[in-house]
Amino acid sequence: MPPAPNSDTVIEEACLIARMGVGDREAFRELYSRYSAPLFSLAVRMVGDFGQAEELVQDTFVKIWRNASTFDPRKSRPFTWSVTITRRTCIDHLRKRKHQPATTPLVPEEALAQGLATGETIRRSAESREDIERLKGALSEVPRNPRRALELVLFTELTQSEIAERLEQPAGTVKSWIRRGLIDLRKALTEGPP
Amino acid sequence: MNAQTEELACLYVLDQLSPGERAAFEARLDNDAPLAALVLELESILEERVRELPQHEAPRELLARVEARIGRRADPGPERAVPAPWAAIARWGIAAVIAVAVSIIAVQNLRRPAPPADRSLLIVGLEPHQSTLAELPITGQPQSADARFVQLASLAEQYWERPEDLPVKMAPADHGGRGYALFDPGSNQGFIAIRHLPTAEDGKRYHLWVLDTSTGQIREAGVLPASDQARGLYFFSVAPDAAANPGRLGFFVTAEDSTAKATDKPRGKVVLGDRAF
Numbered sequence: 003m004p005p006a007p008n009s010d011t012v013i014e015e016a017c018l019i020a021r022m023g024v025g026d027r028e029a030f031r032e033l034y035s036r037y038s039a040p041l042f043s044l045a046v047r048m049v050g051d052f053g054q055a056e057e058l059v060q061d062t063f064v065k066i067w068r069n070a071s072t073f074d075p076r077k078s079r080p081f082t083w084s085v086t087i088t089r090r091t092c093i094d095h096l097r098k099r100k101h102q103p104a105t106t107p108l109v110p111e112e113a114l115a116q117g118l119a120t121g122e123t124i125r126r127s128a129e130s131r132e133d134i135e136r137l138k139g140a141l142s143e144v145p146r147n148p149r150r151a152l153e154l155v156l157f158t159e160l161t162q163s164e165i166a167e168r169l170e171q172p173a174g175t176v177k178s179w180i181r182r183g184l185i186d187l188r189k190a191l192t193e194g195p196p
Numbered sequence: 249m250n251a252q253t254e255e256l257a258c259l260y261v262l263d264q265l266s267p268g269e270r271a272a273f274e275a276r277l278d279n280d281a282p283l284a285a286l287v288l289e290l291e292s293i294l295e296e297r298v299r300e301l302p303q304h305e306a307p308r309e310l311l312a313r314v315e316a317r318i319g320r321r322a323d324p325g326p327e328r329a330v331p332a333p334w335a336a337i338a339r340w341g342i343a344a345v346i347a348v349a350v351s352i353i354a355v356q357n358l359r360r361p362a363p364p365a366d367r368s369l370l371i372v373g374l375e376p377h378q379s380t381l382a383e384l385p386i387t388g389q390p391q392s393a394d395a396r397f398v399q400l401a402s403l404a405e406q407y408w409e410r411p412e413d414l415p416v417k418m419a420p421a422d423h424g425g426r427g428y429a430l431f432d433p434g435s436n437q438g439f440i441a442i443r444h445l446p447t448a449e450d451g452k453r454y455h456l457w458v459l460d461t462s463t464g465q466i467r468e469a470g471v472l473p474a475s476d477q478a479r480g481l482y483f484f485s486v487a488p489d490a491a492a493n494p495g496r497l498g499f500f501v502t503a504e505d506s507t508a509k510a511t512d513k514p515r516g517k518v519v520l521g522d523r524a525f
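The listed protein sequences correspond, in order, to chains A and B. Counting the first sequence from 1 gives a position; my numbering is that position plus 2. Counting the second sequence from 1 gives a position; my numbering is that position plus 248.
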């Protein structure tokens, strides 16, 4: 896993996108080298299929290139902006194909993680393993329902009302869980383990 | 901050707002620094969650496939120049606001080490038979590609909006002063400011060239976007040339057949600047 970006990285990536906005291919290649693995991994997580993820990430990077000139660093971090484009691309695909939700991926995530299904290289440094453990610890601090609501919003194509239906809760409750999921995760990451 | 605002911020970060709600929320962000800070913090949490997923390298050939798609002429994305002058100008707002974003993200990171290397930017006028040239010495500036780009773009925008700030006197557009190039020989990037250029004839398109007058070597700097506008500010880049003499560079534009394949040297009529100097 790439290390979490610091502010320098955020500035650099905002500059890369600004350069892409005027047609700088070098900047595009640099951004691609930074984002392709996490965005591809996100697509794999959402659609549960390497081949489809590949097509969707291809579409995603074309959209990133085309929309670079509209990126506004006051409104979003560069990676979040790219994640949003990826998620929208995957969600459109899933809704069109009425794909099986990613909560039950076609290939079990554990198998994907170990590269058993595809032989893909998994990059995990000692530092990133620490990050993962830290985040897993933080996730465990988030109550089950808010965590589940957050994961469904993040990694599936389900709308809030569909999530409400699936969790058999009113839409307002789900909205509140989503907020709590993210805020609790933020608290857990900021304050560390109790 | 109340729970409702916090909920809106979460839903915004998770892309769960309708377009109308999103626009209204973004308008609030412009004037609410604590809210903007919360959004950035929530985004960093979201990013961490995404980066925590089991990581898979994208297939090696994927980049080439993406580049093939964005390189197709039918693709409406930016090529080596921008499609419309107003868009070019608007984009430099991005460069300018990066500083604003930085102040929200972390002010201390503005203090980047700045190598004390000297460098110059060139301004070259495009009057036929009367090219003007000025060097703008830039000292002690950050030398990263991004820093150079932002600096170049900011200057290009400044000179475009306030031509009176140009360090060389340009003739009025209707008296031969039809444009100029601002070029960074260090990064081989620049902007061409066109103040007057007729619409290309059918079947023609305008190519920008860089000429080293000391060696006669010519480098292609891109195709100007098809436009019915007579003026505009356009970004360009050229391949590095270690032997180029930065003090002897000239720029000119030719009208080439649009059906011709990749052009490695100018064949068409010069429509701006002077090929001979």
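Ideal Cβ positions, reconstructed from N, Cα and C, are used throughout, including at glycine.
Element boundaries [beta strand (DSSP E), containing VAL501(B)]: 497-505
Anything in the region 16-30 of chain A with a Cβ closer than 9 Å to a Cβ of chain B? List those residues in chain order, please. ALA16, CYS17, LEU18, ILE19, ALA20, ARG21, MET22, GLY23, VAL24, GLY25, ASP26, ARG27, GLU28, ALA29 and PHE30
For VAL518(B): DSSP bridge partner residues: THR502(B)
For the candidate residues GLU295(B), LYS452(B), ARG515(B) and VAL519(B), whose alpha-carbon lies nearest to that of ILE442(B)? The shortest Cα separation from ILE442(B) among GLU295(B), LYS452(B), ARG515(B) and VAL519(B) belongs to VAL519(B).
Could you check whether PHE157(A) and VAL314(B) sit closer than 7 Å to each other, using their CB atoms as the reference points? For the pair VAL314(B) and PHE157(A), the CB atoms are not nearer than the 7 Å cut-off.
By Cβ distance below 6 Å, which residues in the same chain neighbour MET249(B) in space, the five residues on each side in sequence not counted? none
Give the single residue among GLU159(A), ARG150(A) and LEU187(A) whose Cα lies nearest to the Cα of THR175(A). Among GLU159(A), ARG150(A) and LEU187(A), the Cα nearest to that of THR175(A) belongs to ARG150(A).
For LEU294(B), which residues in the same chain have their Cβ closer than 6 Å to its Cβ, ignoring the five residues on either side in sequence? VAL261
Could you check the C-alpha separation between PRO145(A) and TYR482(B) for me, to the nearest Å? 53 Å
Please classify SER35(A): does DSSP put it in a helix, a strand, or coil? helix
Return the chain-ordered list of same chain residues with a C-beta closer than 6 Å to the C-beta of LEU96(A), the five sequence neighbours on each side being excluded. GLU159
Who are the near neighbours of THR611(B) in its chain, counting only those whose CB is closer than 6 Å to its CB and skipping five residues on each side? Only positions 249 to 525 of chain B appear in this structure, which leaves residue 611(B) out of reach.
Please identify the residue among ARG99(A), LYS177(A), ARG168(A) and PHE73(A) whose C-alpha is closest to the C-alpha of LEU18(A). PHE73(A)
Anticipated Cβ contact below 8 Å, GLU255(B) with LYS177(A), distance rounded: That belief holds up - the Cβ atoms of GLU255(B) and LYS177(A) are roughly 7 Å apart, short of 8 Å.
Of all Cβ atoms in chain B, is any one closer than 7 Å to the Cβ of LEU44(A)? yes
Please list, in chain order, all residues of the same chain as ARG426(B) whose beta carbon is under 8 Å from its beta carbon, the five residues on each side excluded. LEU374, GLU375, ILE442, ARG443, HIS444, LEU445 and LEU520
Since ALA508(B) and PHE484(B) are thought to touch, with beta carbons under 8 Å apart, how far apart are those beta carbons, to the nearest angstrom? Not confirmed; about 19 Å, so no contact.
Using the rule of at least 16 other Cβ atoms within 10 Å of the residue's Cβ for burial, across every protein chain shown, is ARG99(A) buried or exposed? exposed
At a Cβ threshold of 7 Å, is ALA306(B) touching chain A? yes
C-beta contact flag for LEU277(B) and ALA285(B) at 7 Å: no
Kindly indicate if chain C contains any beta-carbon less than 7 Å away from that of ARG146(A). Among the protein chains in the structure shown, which are A and B, there is no chain C.
In the DSSP assignment, what are the bridge partners of ARG467(B)? Looking at the DSSP output, ARG467(B) sits in a beta bridge with VAL458(B).
In its own chain, which residues sit with a C-beta less than 7 Å from the C-beta of PHE206(B), not counting the 5 before and 5 after it? Residue 206(B) falls outside the range modelled here, since chain B spans only 249 to 525, and no answer is possible.
Whether VAL287(B) touches VAL85(A) by CB criterion (7 Å): no
Measuring CA to CA, which of MET22(A), LEU187(A) and GLN60(A) is closest to ASN69(A)? MET22(A)
Is it buried or exposed for PRO172(A), if we count other Cβ within 10 angstroms and need 16 for buried? exposed
Taking the alpha-carbon positions, what's the PRO267(B) to ASP280(B) distance? 20 Å
Applying a beta-carbon distance threshold of less than 8 Å, which residues of chain B neighbour PRO40(A)? VAL298, ARG299, LEU301 and GLN303
Reduced DSSP secondary structure (H/G/I, E/B, other) of LEU430(B): strand
Excluding sequence positions up to five away, which residues of its chain have a Cβ less than 8 Å from the Cβ of THR253(B)? LEU283
Looking at the secondary structure, which residues open and close the beta strand (DSSP E) in which ALA312(B) lies? That residue, ALA312(B), is in no beta strand (DSSP E); its alpha helix (DSSP H) goes 310-319.
Going along chain B in order, which residues have a C-beta closer than 7 Å to the C-beta of LEU160(A)? None at all; the shortest Cβ gap to chain B is about 11 Å.
Start and end of the beta strand (DSSP E) containing SER71(A)? First-last for SER71(A): undefined, no H or E at that position.
Straight-line Cα distance separating ASN436(B) from GLN465(B): 15 Å
Using 10 angstroms around the beta-carbon of LYS417(B), count the other beta-carbons present and answer buried if the total reaches 16, otherwise exposed. Exposed, because fewer than 16 other Cβ atoms sit within 10 Å of the Cβ of LYS417(B).
Whole angstroms are fine: how far does the CA of PHE42(A) sit from the CA of THR161(A)? 22 Å
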